[in-house]
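Report on one structure; see the data block that follows.
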Amino acid sequence: MKFALPARKPVRENIIPLINIVFLLLIFFMIAGHIERKSPVQPPVSESRVSEAIMEDILYLHADGNISWRNKIYTLEAFRTEISDEKILAEGDKLMIRADQNRMANDFLLVLEVLRSKGVRDVRLITRQDFKK
Amino acid sequence: MGFFTSYKPRRVHISLTPLIDVVFILLVFFMLTSTFAKDWVLPFKIPELVLTDELPSAAQSGETVNILVVLPQEVKWRGEIMPLDQVIDQLERGRDLGVILMADPETDIARFVNIVDALRPIATLKIQMVAQHEKTEDRLP
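These protein sequences, in sequence, are chains S and Y.
In this text, residue positions in the first sequence follow our numbering: the first is 1, and each later residue adds one.
In this text, residue positions in the second sequence follow our numbering: the first is 1001, and each later residue adds one.
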């Protein structure tokens, strides 16, 4: 004897909870993350936890040995000679330096020497946190 | 007339699939492009930087002074290569000790910043920095 099987109704998955979660994730990434252009200069890792607003006017020390300042590229020697007559900062201002971690430390100290001769007294070296620790 | 009575409101089904597609694409975009890393800063007071000509006369005449040269792997403390821990131990025991920090020409900024990080917690330590010029190397131990 055969019984007729009841006709199978297509199961309709409720996708509303999925959409809710996706929306929440989207809102999280939009609010918590920030989009920025990838900088060619990779700052060194430091344990310093001093947080300051990063200013627009940044002196870059590139890994290839160049220095860029206000959209102009200098070698260390050119920076020493050409920048000497230029007013770098207003008195009391802090200068931000973004130096590549692979740049020689002595170059950084030489740049500090030039800055000192220009009357800069306060420098902030931009660093990053080591997430592996 | 019965004009309105014949109207039966139909249940309109709005498809959510295009919405979900767009939301998924936005989610993937934000997941891939967002960064959460924050930049920190390491403050340097430039008066901590000593010009070569201002070095203590003892250092210029080649006598043993507290010069710490950061080498790519080790450090050179008072002219002797030794582990950093040992140097830190000596510095912690000393009182109001000043250190002149220099970087070997082969030392990169990452290594230099590591050493500065290690020295900064020593509250009594006064750190000064000197850049090496070609002639400086000949003059310092």
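Cβ atoms here follow ideal geometry from the backbone N, Cα and C, with glycine treated the same way.
So that I know if they touch, is there some Cβ in chain Y lying closer than 7 Å to that of residue i?
i, result
"Thr127 of chain S", "yes"
"Leu76 of chain S", "no"
"Asn20 of chain S", "no"
"Met55 of chain S", "no"
"Arg121 of chain S", "yes"
"Leu59 of chain S", "no"
"Leu25 of chain S", "yes"
"Gln42 of chain S", "no"
"Asn106 of chain S", "yes"
Ignore the nearest five residues each way along the sequence and tell me which others in residue i's own chain have a CB closer than 8 Å to its CB.
i, result
"Lys1126 of chain Y", "Asp1096, Leu1097, Gly1098, Val1099"
"Arg103 of chain S", "Leu61, His62, Ala63, Gly65"
"Leu1091 of chain Y", "Leu1097, Val1099, Leu1119, Ile1122, Leu1125"
Does the Cβ of residue i have 16 or more other Cβ atoms within 10 Å, making it buried, or fewer, making it exposed?
i, result
"Leu112 of chain S", "buried"
"Arg37 of chain S", "exposed"
"Asp1089 of chain Y", "exposed"
"Thr1124 of chain Y", "exposed"
"Ile1014 of chain Y", "exposed"
"Ile1115 of chain Y", "buried"
"Ile83 of chain S", "buried"
"Thr1035 of chain Y", "exposed"
"Asp1085 of chain Y", "exposed"
"Ile31 of chain S", "exposed"
"Asn14 of chain S", "exposed"
"Ile73 of chain S", "exposed"
"Phe108 of chain S", "buried"
"Met1129 of chain Y", "buried"
So, helix, strand or coil for residue i, using DSSP?
i, result
"Leu125 of chain S", "strand"
"Ser68 of chain S", "strand"
"Gln1132 of chain Y", "coil"
"Ala1123 of chain Y", "coil"
"Asp1039 of chain Y", "strand"
"Met1031 of chain Y", "helix"
Nearest chain S C-beta to residue i closer than 7 Å, yes or no?
i, result
"Leu1027 of chain Y", "yes"
"Pro1141 of chain Y", "Low local confidence applies: a pLDDT of 47 at Pro1141 of chain Y is under 50, so the model's placement there is unreliable, with the coordinate-based value given in what follows. No, no contact with chain S."
"Ser1034 of chain Y", "yes"
I believe residue i touches residue j by the beta-carbon criterion, under 8 Å. Please report the beta-carbon distance rounded to the nearest angstrom.
i, j, result
"Val45 of chain S", "Ala1110 of chain Y", "7 Å"
"Val986 of chain Y", "Leu1042 of chain Y", "The first residue shown for chain Y is 1001 and the last is 1141, placing residue 986 of chain Y beyond what the model contains."
If I measure Cβ to Cβ from residue i and keep anything under 7 Å in the same chain, skipping five residues before and after, which residues do I get?
i, result
"Arg128 of chain S", "Pro43, Val45"
"Arg80 of chain S", "Val114"
Who are the Cβ neighbours of residue i in its own chain at under 6 Å, not counting the five residues just before and after it?
i, result
"Asn20 of chain S", "none"
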